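Remarks on the structure that follows.
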Amino acid sequence: MKKWIIPSNMNRYDVIGAYSKLDEIDWTQRVKSIEAGDIVYVYISAPISAIKLCCEVIATNLTSENAELIDDSEFVVGENFDVKESSQYMRLRKIREFNDNEIPLSVMQEHGVKGNIQGARSLPEELEQYISLLELEKGNKSKVDCLGLLDYLTENAGKVYKSPEKASVEEKPALLNLKEKGRSAIKTLKEIGDECSKKCGPFIIDGGNWLDASYTKVRNYLLAQLKYPEHTQSPESISIFVEEDENSGKARYRVSLEIRDTAAKKEDYDKHYKSLDLPLDTDNGLQYFLGGNNSDSEFGASEITDPSVIKQMLEKKKFKRCKFLDALAEMTFHQMMRCFKKLFRLQEL
Numbered sequence: 015m016k017k018w019i020i021p022s023n024m025n026r027y028d029v030i031g032a033y034s035k036l037d038e039i040d041w042t043q044r045v046k047s048i049e050a051g052d053i054v055y056v057y058i059s060a061p062i063s064a065i066k067l068c069c070e071v072i073a074t075n076l077t078s079e080n081a082e083l084i085d086d087s088e089f090v091v092g093e094n095f096d097v098k099e100s101s102q103y104m105r106l107r108k109i110r111e112f113n114d115n116e117i118p119l120s121v122m123q124e125h126g127v128k129g130n131i132q133g134a135r136s137l138p139e140e141l142e143q144y145i146s147l148l149e150l151e152k153g154n155k156s157k158v159d160c161l162g163l164l165d166y167l168t169e170n171a172g173k174v175y176k177s178p179e180k181a182s183v184e185e186k187p188a189l190l191n192l193k194e195k196g197r198s199a200i201k202t203l204k205e206i207g208d209e210c211s212k213k214c215g216p217f218i219i220d221g222g223n224w225l226d227a228s229y230t231k232v233r234n235y236l237l238a239q240l241k242y243p244e245h246t247q248s249p250e251s252i253s254i255f256v257e258e259d260e261n262s263g264k265a266r267y268r269v270s271l272e273i274r275d276t277a278a279k280k281e282d283y284d285k286h287y288k289s290l291d292l293p294l295d296t297d298n299g300l301q302y303f304l305g306g307n308n309s310d311s312e313f314g315a316s317e318i319t320d321p322s323v324i325k326q327m328l329e330k331k332k333f334k335r336c337k338f339l340d341a342l343a344e345m346t347f348h349q350m351m352r353c354f355k356k357l358f359r360l361q362e363l
């Protein structure tokens, strides 16, 4: 079985409308090597510019002479496009449909696609892996409950806690419930780290704690640090935060390449600062993040965007530096993975 990408122009043929009414459609077959059983991803050109459909090839080499072709003429846009009398077709059955922002051209080009999609081509292995991860998430959302972790933080951050063993009979049930929620949240955060480790690792994962340093309140953030096994002593890590957005007040994820100030030496900073030499990928949510471990601006994005100015400030050790992805509650696991892959490329400089 092979996998392919084929282009579609909505100004000529309404493929979305066709599949809303028909289970299968007949598509002009311009590549003879496509066979029954292959998988075809339909890329729709501008203004969508994204893969929208995944289809299975049911039959190939169909013509008006050897088969009863499917009538989809109502979805043809404009004149002189429907040429079924003389063309050769393959029959495609829709398997699933994607949202416009799930596999846009920019993501395709990040994962092995060269140039624009102007004709049928084989699916690059890197893009196939990305789509497999995306489809896994859509087909098994309970595997990693990303949204549930955000709900946990919104509902429980800052709550007063004490040991249930020292509590009154009336207090004990609520405290036990809070304890179970906190442990479950840490477990979910580690599961997210495990999935990242499978795709980008392996990594050693430190899942942190759900209580603050005094053990009397629920933390207002959760943190998991990921490091390569051979770099467990390094102060640098890729970290997953679950925290409150200072602007919207909503819980969000933040994925950061950062360095722990209290454990870093000059050579650690020198390595860490190399990522400033690369262009900042703002299209995918990366921002500069300045602050010390004890700074009031610990969780704020920097208004300074000039790398040379940031380097001067970092050399004076007033701040630490990292790049991170801002995301609200609708963040999906595959978006988090996209950010991870970009940050790991920076870390490997």
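Numbering (my numbering), first residue to last: 15 to 363.
Cβ atoms here follow ideal geometry from the backbone N, Cα and C, with glycine treated the same way.
Keep in mind that this is a model prediction, so the values were computed, not measured.
Report task. Could you check the C-alpha separation between residue 128 and residue 136 for me, to the nearest Å? Result -> Here residue 128 refers to the residue found at position 114 when the sequence shown is read from its first residue. Here residue 136 refers to the residue found at position 122 when the sequence shown is read from its first residue. Residue 128 and residue 136: Cα-Cα distance of roughly 11 Å.
Report task. Can you tell me which of 279, 60, 250 puts its alpha carbon nearest to the alpha carbon of residue 132? Result -> Sequence index remark: in the sequence shown, residue 132 carries index 118 (1-based). For residue 132, the nearest C-alpha among the options comes from 60.
Query raised in the report: Within 8 Å: the Cβ of residue 125 and any heavy atom of the ligand PLP?
Result: With respect to the ligand PLP, the structure offers nothing, as it holds no ligand at all.
Query raised in the report: Who are the near neighbours of residue 341 in its chain, counting only those whose CB is closer than 6 Å to its CB and skipping five residues on each side?
Result: Numbered from its first residue, the sequence shown carries residue 341 at position 327. Below a pLDDT of 50, predicted positions are generally treated as unreliable, and residue 341, at 45, falls in that range; the measurement from the model is reported next regardless. So the list reads 266, 267, once near-sequence residues are dropped.
Query - Pair within 9 Å by beta-carbon distance, residue 26 and residue 74 - result: Taking the first residue of the sequence shown as 1, we reach residue 26 at position 12. Taking the first residue of the sequence shown as 1, we reach residue 74 at position 60. Their beta carbons are not under 9 Å apart, which means residue 26 does not touch residue 74 by this criterion.
Requested in this report: Can you give me the start and stop residues for the beta strand (DSSP E) that residue 42 sits inside?
Outcome: Position 28 of the sequence shown, counted from the start, is the residue given in the question as residue 42. Residues 38-42.
Requested in this report: Count the C-beta pairs between the stretch 45-58 and the stretch 21-36 that are closer than 8 Å, then say yes if the count reaches three, no if not.
Outcome: Per the Cβ contact rule, the stretch 45-58 is in contact with the stretch 21-36 (3 or more Cβ pairs under 8 Å).
Query - Selection from 205, 214, 197, 232 that minimises the alpha carbon distance to residue 173 - result: Along the sequence shown, one-based indexing puts residue 173 at 159. Ranking 205, 214, 197, 232 by CA distance to the CA of residue 173 puts 232 first.
**Report entry** Alpha-carbon to alpha-carbon, residue 17 and residue 138
**Finding:** The residue given as residue 138 occupies position 124 in the sequence shown. The residue given as residue 17 occupies position 3 in the sequence shown. The alpha-carbon atoms of residue 138 and residue 17 are separated by roughly 9 Å.
Query raised in the report: So residue 104 is in the beta strand (DSSP E); what residue range does that whole segment cover?
Result: Taking the sequence shown and counting its residues from 1, one reaches residue 104 at position 90. Per DSSP, the unbroken beta strand (DSSP E) holding residue 104 starts and ends at 103-111.
Query raised in the report: Whole-angstrom Cβ separation of residue 238 and residue 203, contact assumed at under 8 Å?
Result: The count along the sequence shown starts at 1 and reaches residue 238 at position 224. The count along the sequence shown starts at 1 and reaches residue 203 at position 189. Rounded, the Cβ-Cβ distance is 5 Å, consistent with contact.
Query raised in the report: Using the rule of at least 16 other Cβ atoms within 10 Å of the residue's Cβ for burial, across every protein chain shown, is residue 51 buried or exposed?
Result: As a first step, residue 51 is located in the sequence shown; it is residue number 37 there, counting from the start. Exposed.
Query - The alpha helix (DSSP H) enclosing residue 168, as first and last residue numbers - result: For the purposes of this step, residue 168 is taken as residue 154 along the sequence shown, with counting starting at 1. Where residue 168 is concerned, the enclosing alpha helix (DSSP H) stretches over 160-170.
Query raised in the report: So is residue 109 buried or exposed if we call it buried at 16+ other beta carbons inside 10 Å?
Result: Taking the first residue of the sequence shown as position 1, residue 109 is located at position 95. Result: exposed.
Query raised in the report: Does the stretch 83-94 come within contact of the stretch 26-35, defined as at least 3 CB pairs closer than 8 Å?
Result: Yes: the two stretches touch, three or more of their Cβ pairs being nearer than 8 Å.
Requested in this report: Apply the 10 Å Cβ neighbour rule to residue 269 and answer buried if 16 or more other Cβ atoms are within range, or exposed otherwise.
Outcome: Here residue 269 refers to the residue found at position 255 of the sequence shown. Label assigned to residue 269: buried.
Report task. Just tell me which of 84, 80, 117, 85 has its CA closest to the CA of residue 66. Result -> Position 52 of the sequence shown, counting from 1, holds the residue named residue 66. Looking at the Cα atoms, 117 is the closest of the given residues.
Report task. Can you tell me which of the three DSSP states residue 226 falls into? Result -> For this step, residue 226 is matched to residue 212 along the sequence shown. Reduced to three states, the DSSP call for residue 226 is coil.
Requested in this report: Determine, using beta carbons only, whether residue 286 and residue 244 come nearer to each other than 9 Å.
Outcome: Here the question's residue 286 lines up with position 272 in the sequence shown. Here the question's residue 244 lines up with position 230 in the sequence shown. Not closer than 9 Å, so no.
Query raised in the report: Which residues does DSSP pair with residue 266 in a beta bridge?
Result: Translated into the one-based positions of the sequence shown, residue 266 becomes position 252. Its beta-bridge partners are 257.
Query - Limits of the unbroken alpha helix (DSSP H) element including residue 30 - result: Taking the sequence shown and counting its residues from 1, the one referred to as residue 30 is at position 16. Segment 29-35, the alpha helix (DSSP H) holding residue 30.
Query raised in the report: Under three-state DSSP, which class holds residue 21?
Result: Numbered from 1 along the sequence shown, position 7 holds the residue referred to as residue 21. DSSP places residue 21 in strand when its eight states are reduced to three.
Query raised in the report: Pick from 188, 178, 68: whose alpha carbon is nearest that of residue 146?
Result: On the sequence shown, residue 146 is found 132 positions in, with the first residue counted as 1. Out of 188, 178, 68, 68 has the C-alpha closest to the C-alpha of residue 146.
Requested in this report: Mark residue 179 as exposed unless 16 or more other C-beta atoms lie within 10 angstroms of its C-beta, in which case mark it buried.
Outcome: Taking the first residue of the sequence shown as 1, we reach residue 179 at position 165. With fewer than 16 Cβ atoms within 10 Å of its Cβ, residue 179 is classed as exposed.
Query raised in the report: Distance, Cα to Cα, residue 338 vs residue 271?
Result: Residue 338 sits at position 324 when you count from the first residue of the sequence shown. Residue 271 sits at position 257 when you count from the first residue of the sequence shown. Note that residue 338 scores a pLDDT of 44, beneath 50, so its modelled location is shaky; the value from the coordinates is reported in the next line. So the two alpha carbons sit approximately 7 Å from each other.
Query - Environment of residue 308 [buried if 16+ CB atoms lie within 10 Å] - result: In the sequence shown, residue 308 corresponds to position 294, counting from 1. Unreliable placement is indicated for residue 308, whose pLDDT of 46 sits below 50; the coordinate value is still reported in the next sentence. Result: exposed.
Query - Of the residues 256, 262, 54, the one placed nearest residue 171, counting alpha carbons only - result: On the sequence shown, residue 171 is found 157 positions in, with the first residue counted as 1. Comparing Cα-Cα distances from residue 171 to each of 256, 262, 54, the minimum goes to 256.
Report task. Please state if the CB of residue 206 and the CB of residue 164 are separated by a distance shorter than 9 Å. Result -> Within the sequence shown, residue 164 is the residue found at index 150, counting from 1. Within the sequence shown, residue 206 is the residue found at index 192, counting from 1. With contacts defined by Cβ atoms closer than 9 Å, residue 164 and residue 206 do not form a contacting pair.
Requested in this report: Reducing DSSP to helix, strand and coil, say where residue 238 ends up.
Outcome: Here residue 238 corresponds to residue number 224 of the sequence shown, with the count starting at 1. Strand at residue 238.
Query raised in the report: Buried or exposed: which applies to residue 156, given that a residue is buried once 16 or more other Cβ atoms fall within 10 Å of its Cβ?
Result: On the sequence shown, residue 156 is found 142 positions in, with the first residue counted as 1. Because the pLDDT of residue 156 is 44, which lies under 50, any placement of that residue in the model is unreliable, and the number read from its coordinates should be weighed accordingly. Residue 156 should be labelled exposed.
Query raised in the report: Which class does residue 75 belong to by DSSP, given the choice of helix, strand or coil?
Result: As a position in the sequence shown, residue 75 is number 61, starting the count at 1. Strand, per DSSP.
Query - When 62, 53, 111, 77 are compared against residue 120, the one with the closest alpha-carbon - result: Counting from one through the sequence shown, the residue named residue 120 turns up at place 106. Minimum Cα distance to residue 120 is reached at 62.
Query raised in the report: Which residue from 144, 274, 254 puts its Cα closest to that of residue 125?
Result: Reading the sequence shown from its first residue, position 111 is the one you call residue 125. Among 144, 274, 254, the Cα nearest to that of residue 125 belongs to 144.
Report task. Use the C-beta contact count for residue 323: other C-beta atoms within 10 angstroms, 16 or more gives buried, fewer gives exposed. Result -> Taking the first residue of the sequence shown as position 1, residue 323 is located at position 309. Exposed: under 16 other Cβ atoms inside 10 Å.
Query raised in the report: Grouping DSSP H, G and I as helix and E and B as strand, with all else coil, what is residue 65?
Result: Residue mapping note: residue 65 aligns to position 51 of the sequence shown, counting from 1. The answer is strand: DSSP assigns residue 65 an E or B state.
Query raised in the report: When we look at the beta-carbon of residue 209 and count the other beta-carbons within 10 Å, is it buried (16 or more) or exposed?
Result: For the purposes of this step, residue 209 is taken as the residue at position 195 of the sequence shown. Under this definition residue 209 is a buried residue.
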